[in-house]
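Protein chains in written order, with my numbering: chain L, 1 to 331; chain W, 332 to 662. Comments concern the structure below.
There are 2 protein chains.
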Amino acid sequence: MTHKSSQGETGIIQRYFAPLAEHTPGAFGLSDDAGLIATKDGMELVLTVDMIVEDVHFLPNSDPGDIAYKALSVNVSDLCAKGAEASVYLLSIALSGTPDPNWLKKLSEGFADAQTDFDCTLLGGDTVHTTGPVTLSVTAAGFVPKGRMVHRTGAREGDRVYVTGTIGDAALGLAFLQGAGAEFLSAEQGEHLSGRHKRPQPCLRAIPVVRAYANAAMDISDGLLGDFAKLCAASKLGGFINSADVPLSDAAAHWLAKDPDRLGDIVTGGDDYEVLMCIPEKKIPAFERDCVSAGLQISSIGCIASRSEGVRALDNEGDTLEFKHPSYDHF
Amino acid sequence: MTHKSSQGETGIIQRYFAPLAEHTPGAFGLSDDAGLIATKDGMELVLTVDMIVEDVHFLPNSDPGDIAYKALSVNVSDLCAKGAEASVYLLSIALSGTPDPNWLKKLSEGFADAQTDFDCTLLGGDTVHTTGPVTLSVTAAGFVPKGRMVHRTGAREGDRVYVTGTIGDAALGLAFLQGAGAEFLSAEQGEHLSGRHKRPQPCLRAIPVVRAYANAAMDISDGLLGDFAKLCAASKLGGFINSADVPLSDAAAHWLAKDPDRLGDIVTGGDDYEVLMCIPEKKIPAFERDCVSAGLQISSIGCIASRSEGVRALDNEGDTLEFKHPSYDHF
Numbered sequence: 001m002t003h004k005s006s007q008g009e010t011g012i013i014q015r016y017f018a019p020l021a022e023h024t025p026g027a028f029g030l031s032d033d034a035g036l037i038a039t040k041d042g043m044e045l046v047l048t049v050d051m052i053v054e055d056v057h058f059l060p061n062s063d064p065g066d067i068a069y070k071a072l073s074v075n076v077s078d079l080c081a082k083g084a085e086a087s088v089y090l091l092s093i094a095l096s097g098t099p100d101p102n103w104l105k106k107l108s109e110g111f112a113d114a115q116t117d118f119d120c121t122l123l124g125g126d127t128v129h130t131t132g133p134v135t136l137s138v139t140a141a142g143f144v145p146k147g148r149m150v151h152r153t154g155a156r157e158g159d160r161v162y163v164t165g166t167i168g169d170a171a172l173g174l175a176f177l178q179g180a181g182a183e184f185l186s187a188e189q190g191e192h193l194s195g196r197h198k199r200p201q202p203c204l205r206a207i208p209v210v211r212a213y214a215n216a217a218m219d220i221s222d223g224l225l226g227d228f229a230k231l232c233a234a235s236k237l238g239g240f241i242n243s244a245d246v247p248l249s250d251a252a253a254h255w256l257a258k259d260p261d262r263l264g265d266i267v268t269g270g271d272d273y274e275v276l277m278c279i280p281e282k283k284i285p286a287f288e289r290d291c292v293s294a295g296l297q298i299s300s301i302g303c304i305a306s307r308s309e310g311v312r313a314l315d316n317e318g319d320t321l322e323f324k325h326p327s328y329d330h331f
Numbered sequence: 332m333t334h335k336s337s338q339g340e341t342g343i344i345q346r347y348f349a350p351l352a353e354h355t356p357g358a359f360g361l362s363d364d365a366g367l368i369a370t371k372d373g374m375e376l377v378l379t380v381d382m383i384v385e386d387v388h389f390l391p392n393s394d395p396g397d398i399a400y401k402a403l404s405v406n407v408s409d410l411c412a413k414g415a416e417a418s419v420y421l422l423s424i425a426l427s428g429t430p431d432p433n434w435l436k437k438l439s440e441g442f443a444d445a446q447t448d449f450d451c452t453l454l455g456g457d458t459v460h461t462t463g464p465v466t467l468s469v470t471a472a473g474f475v476p477k478g479r480m481v482h483r484t485g486a487r488e489g490d491r492v493y494v495t496g497t498i499g500d501a502a503l504g505l506a507f508l509q510g511a512g513a514e515f516l517s518a519e520q521g522e523h524l525s526g527r528h529k530r531p532q533p534c535l536r537a538i539p540v541v542r543a544y545a546n547a548a549m550d551i552s553d554g555l556l557g558d559f560a561k562l563c564a565a566s567k568l569g570g571f572i573n574s575a576d577v578p579l580s581d582a583a584a585h586w587l588a589k590d591p592d593r594l595g596d597i598v599t600g601g602d603d604y605e606v607l608m609c610i611p612e613k614k615i616p617a618f619e620r621d622c623v624s625a626g627l628q629i630s631s632i633g634c635i636a637s638r639s640e641g642v643r644a645l646d647n648e649g650d651t652l653e654f655k656h657p658s659y660d661h662f
């Protein structure tokens, strides 16, 4: 109902987005109204969508390359935790004012980096105008062998709870970017933490072990404790996490040692994009062996219990820890 | 990076969106991070996405049921024009402030109406907060027999150009809602035109004939002339549209007779969601017969020509018509 400017929607699409689709067989150079996914025998398709909004999910002065990278990363992370390999994605983006060519160039470079890292390509999209903050919605599609998608609902009492990688880096990285922690951290440590906030890495190496061994899995986006509680609720069970077993990077461990109150940020802050998995006891030896072979860092951090036990984080003495906001909620 | 409120993201999803997914086998009650599409032998999957923004695509005081209906409709329309039957959709939505339960209820009712009308259901989504206008992104997925997706690129010189239904109603409907035309139209005519703006109907009946007969097709969303020009460009050809042959509803014909300047709105205004098809001469008898059997209203409005002829709309004397904005562009 408003609009018109010089660059043109078609020009923007062809200049900045079509190169991201040039190796996607079903994208037809983004010249059509829709993209095509050739199905594969014996495989099903997993779809997920995440929307990110300036001021809410990223700071207004964020590097557009980082915004793009993260937008694709968080979707690929969802697919990984379901045992699915990302294949293609669609991008809808609302831009305000007259789009800055330099900003768009950096955005498309961020998507190009992420595509290379995650082995998926652009299938299609929509580019529109907004009167508000820049808003991106990425829908990613990935393949999983028929019947092998891993759900949140499949946990069983007695399952061991594992996480990949290290937890809390992104939340501490955001705090660092907002001015905290400089007195405790080396430049390198600060860089490590903020890097994990800016360009989270979906855990691609987890895909085969999730498929092969997990009763239930999900990626950690809204905070370890809150997401663990969601998985337990979906499985109609309870569970424990031993906070001392939560894996920390050197930088996070260093900061926490100087400032123990940061434990809340670490276990509830979110943006980890690690995989939380529930592994039945009898499969643990094979699971751990395959993780080693795959070079996948995992940590056993707790177990699944009956519903009546509730969902709890325990300290070294086995006492329940309390946090103000167990996980991120938009409303 | 901001907030918290009472209703909760999970509460909103379970109350307003989960009912839309209760008959989607792969949605798992929206309790998981991703949805599953069971593939079908001999079929491929077509995906499309459209983003709609308050103030840009709909007026701030619009009925939320209409917003929802249109958001799904425009995507299903894209699929129809590619010969694909909608199966499922994903919805990402950015809401500002504290979401009004009544607004959300009406929104979900609009999606429920559209689902029933278009025979598809919700697979998944994402609900986030925004500091700006309400923004929805709908990704729809539909099945098409292998190798049968119809493209913009397939037109051949000499193809007849057809459109379904009537053109211009939605653009006139928007003008009517903004205060124009009341002196020319009956209440019923105004209602008809504004209804087509508020709740466009994707042309489901066109799917089998598009698949069976069209060399090229697309849905008309940004205006007949501009979209026809895009199809010609994608096919590297030119073409003509005879403006006198463009099919009009009684209401549109009535308004145009009183106010001939409205022809621009009709052929360039957009939001028609009818299907533009290029049919090779030798298939026309069978095509027209099948359209009659299917109860599908079609009109022959022009033809595909060589590239050197350009893309033109002709008046009754065969002279080229000129319009200020041949189609809608966001930038």
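By construction, the Cβ of each residue, glycine as well, lies at the ideal position given by its N, Cα and C atoms. In this text the structure is predicted, and so the values were computed from the model without any measurement.
Tell me whether residue i sits in a helix, a strand or coil according to DSSP, three-state version.
{"i": "P591 (chain W)", "result": "helix"}
{"i": "Y400 (chain W)", "result": "helix"}
{"i": "R160 (chain L)", "result": "strand"}
{"i": "L516 (chain W)", "result": "coil"}
{"i": "D448 (chain W)", "result": "helix"}
{"i": "A94 (chain L)", "result": "strand"}
{"i": "T458 (chain W)", "result": "strand"}
{"i": "D78 (chain L)", "result": "helix"}
{"i": "A511 (chain W)", "result": "coil"}
{"i": "L453 (chain W)", "result": "strand"}
{"i": "F17 (chain L)", "result": "helix"}
{"i": "M332 (chain W)", "result": "Low per-residue confidence applies at M332 (chain W): pLDDT is 31, beneath 50, and the placement is therefore not dependable, though the value from the model is reported in the following sentence. Coil at M332 (chain W), not helix or strand."}
{"i": "T22 (chain L)", "result": "The sequence as given places Glu at residue 22 (chain L); Thr does not occur at that position. Residue state, collapsed to three classes: coil."}
{"i": "A336 (chain L)", "result": "This structure does not reach residue 336 (chain L), given that chain L is present from 1 up to 331, and the question cannot be answered."}
{"i": "D100 (chain L)", "result": "coil"}
{"i": "P616 (chain W)", "result": "helix"}
Taking residue i and residue j to be in contact with their CB atoms under 8 Å, please state how far apart those CB atoms are, rounded to whole angstroms.
{"i": "V475 (chain W)", "j": "M374 (chain W)", "result": "7 Å"}
{"i": "V138 (chain L)", "j": "V209 (chain L)", "result": "With a Cβ gap of about 25 Å, V138 (chain L) and V209 (chain L) do not count as contacting."}
{"i": "P611 (chain W)", "j": "D490 (chain W)", "result": "6 Å"}
{"i": "L45 (chain L)", "j": "I52 (chain L)", "result": "Rounded, the Cβ-Cβ distance is 23 Å, inconsistent with contact."}
{"i": "I266 (chain L)", "j": "I167 (chain L)", "result": "6 Å"}
{"i": "L123 (chain L)", "j": "F17 (chain L)", "result": "Not a contact, Cβ separation roughly 11 Å."}
{"i": "L503 (chain W)", "j": "W586 (chain W)", "result": "6 Å"}
{"i": "S300 (chain L)", "j": "G238 (chain L)", "result": "With 8 Å as the limit, S300 (chain L) and G238 (chain L) do not qualify as a contact, their Cβ atoms being about 18 Å apart."}
{"i": "L627 (chain W)", "j": "R542 (chain W)", "result": "L627 (chain W) to R542 (chain W), Cβ: 13 Å. No contact."}
{"i": "P202 (chain L)", "j": "S73 (chain L)", "result": "5 Å"}
{"i": "Y420 (chain W)", "j": "C451 (chain W)", "result": "6 Å"}
{"i": "D500 (chain W)", "j": "R530 (chain W)", "result": "At roughly 11 Å, the Cβ-Cβ gap does not stay under 8 Å, so D500 (chain W) and R530 (chain W) are not in contact."}
In the DSSP assignment, find the unbroken beta strand (DSSP E) run with residue i in it and report its ends.
{"i": "P464 (chain W)", "result": "Unbroken run through P464 (chain W): none, as it is neither H nor E."}
{"i": "R312 (chain L)", "result": "V311 to L314"}
{"i": "D550 (chain W)", "result": "A547 to D550"}
From the DSSP output, which residues share a beta bridge with residue i?
{"i": "P145 (chain L)", "result": "L:M43"}
{"i": "D363 (chain W)", "result": "Its beta-bridge partners do not exist; DSSP assigns none."}
{"i": "D271 (chain L)", "result": "In DSSP, D271 (chain L) forms no bridge with anything."}
{"i": "E385 (chain W)", "result": "W:F389"}
{"i": "C303 (chain L)", "result": "L:R160 and L:F240"}
{"i": "I629 (chain W)", "result": "W:T495"}
{"i": "A471 (chain W)", "result": "W:T379 and W:Y420"}
{"i": "T651 (chain W)", "result": "W:L645"}
{"i": "I37 (chain L)", "result": "W:L376"}
Start and end of the alpha helix (DSSP H) containing residue i?
{"i": "L607 (chain W)", "result": "Careful: L607 (chain W) lies outside any alpha helix (DSSP H), inside the beta strand (DSSP E) at V606 to I610."}
{"i": "T10 (chain L)", "result": "E9 to I12"}
{"i": "C232 (chain L)", "result": "L224 to A234"}
State yes or no: is the beta carbon of residue i nearer than 8 Å to at least one beta carbon in chain C?
{"i": "M51 (chain L)", "result": "The structure shown contains no chain C; the protein chains it does contain are L and W."}
Residues of the region 293-310 of chain L with a CB closer than 7 Å to any CB of chain W: list them in chain order, please. none
So if I threshold CB-CB distances at 8 Å, which residues from the region 362-380 of chain W count as touching chain L? S362, D363, D364, A365, G366, L367, I368, A369, T370, K371, M374, E375, L376, V377, L378, T379 and V380
Using a Cβ-Cβ cutoff of 8 Å, what residues of the region 125-140 of chain L are near chain W? List them in chain order. G125, D126, T127, V128, H129, T130, T131, G132, P133, T135, S137 and T139
Determine which residues of the region 345-358 of chain W have a Cβ less than 7 Å from any Cβ of chain L, and write them out in chain order. none
According to a CB-to-CB cut-off of less than 9 Å, which residues of the region 386-399 of chain W neighbour chain L? D386, V387, H388, F389 and L390
Taking a Cβ distance cut-off of 7 Å, strictly less, list which residues of the region 161-183 of chain L are near chain W, in chain order. none
Against chain W: residues of the region 145-161 of chain L by CB proximity under 9 Å: K146, M149, H151, R152 and T153
Determine which residues of the region 550-566 of chain W have a Cβ less than 7 Å from any Cβ of chain L, and write them out in chain order. D550 and A565
Short-range partners of chain L found in the region 408-423 of chain W, where Cβ spacing is below 7 Å: D409, L410, A412, K413, L421 and S423
Could you name the residues of the region 103-127 of chain L whose beta carbon sits closer than 7 Å to any beta carbon of chain W, in the order they occur along the chain? L123, G124, G125, D126 and T127
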